[in-house]
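Report on the structure given below.
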Amino acid sequence: MKWALITANILAAAAFIYLGAMAMAAHKTHAYSMYREFYHKGVLNEPANYSVEKRMQEIAAGGDYYTAFSVLGVSMCLVHAIAIAVWHPNRPAASPETRTPHS
Numbered sequence: 114m115k116w117a118l119i120t121a122n123i124l125a126a127a128a129f130i131y132l133g134a135m136a137m138a139a140h141k142t143h144a145y146s147m148y149r150e151f152y153h154k155g156v157l158n159e160p161a162n163y164s165v166e167k168r169m170q171e172i173a174a175g176g177d178y179y180t181a182f183s184v185l186g187v188s189m190c191l192v193h194a195i196a197i198a199v200w201h202p203n204r205p206a207a208s209p210e211t212r213t214p215h216s
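Numbered according to the numbering used here, the sequence shown terminates at residue 216, and the numbering increases by one at each position without gaps.
Put into structure tokens, the structure is as follows:
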């Protein structure tokens with residue numbers, strides 16, 4: 114059971130890495146696609162000294178909290194896996210002599 118919990122925590126850590134990266138990519142893609150939609154619809158009126166595309170990229174970079182949350186999740190899973198490995202000793206299976214009979 115100990116190794117199953119450790120394996121589950123490591124798999125959860127890998128899932129947090131993947132989900133954090135996917136959320137960040139989706140956030141950046143959404144910001145860029147909004148710029149492209151505004152551009153093609155003619156909604157933008159860009160002054161010469163202002164780049165809306167650059168500003169949308171800056172907004173997309175604000176999604177760094179996805180990375181922070183995924184790192185926090187990974188850290189928690191790995192600390193939990195280490196705690197299980199260190200503080201839960203392997204218990205040998207009960208021998209037939211030490212088993213109690215069921216009523």
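Using N, Cα and C, we set each Cβ at its ideal position, and we do this for glycine too.
Which of helix, strand or coil DSSP assigns to residue i
i           : result
residue 140 : helix
residue 135 : helix
residue 203 : coil
Residue environment, residue i, which counts as buried when at least 16 other CB atoms sit within 10 Å
i           : result
residue 114 : exposed
residue 148 : buried
residue 122 : buried
residue 187 : buried
residue 198 : exposed
residue 196 : exposed
residue 183 : buried
residue 173 : buried
Given residue i as reference, the closest of the options once Cα atoms are compared
i           : options            : result
residue 141 : 195, 169, 162      : 169
residue 179 : 133, 198, 119      : 133
residue 181 : 122, 116, 137, 125 : 137
Start-end ranges of the beta strand (DSSP E) lying completely within the segment 148-193, minimum 3 residues | The segment 148-193 contains no whole beta strand (DSSP E) run of 3 or more residues.
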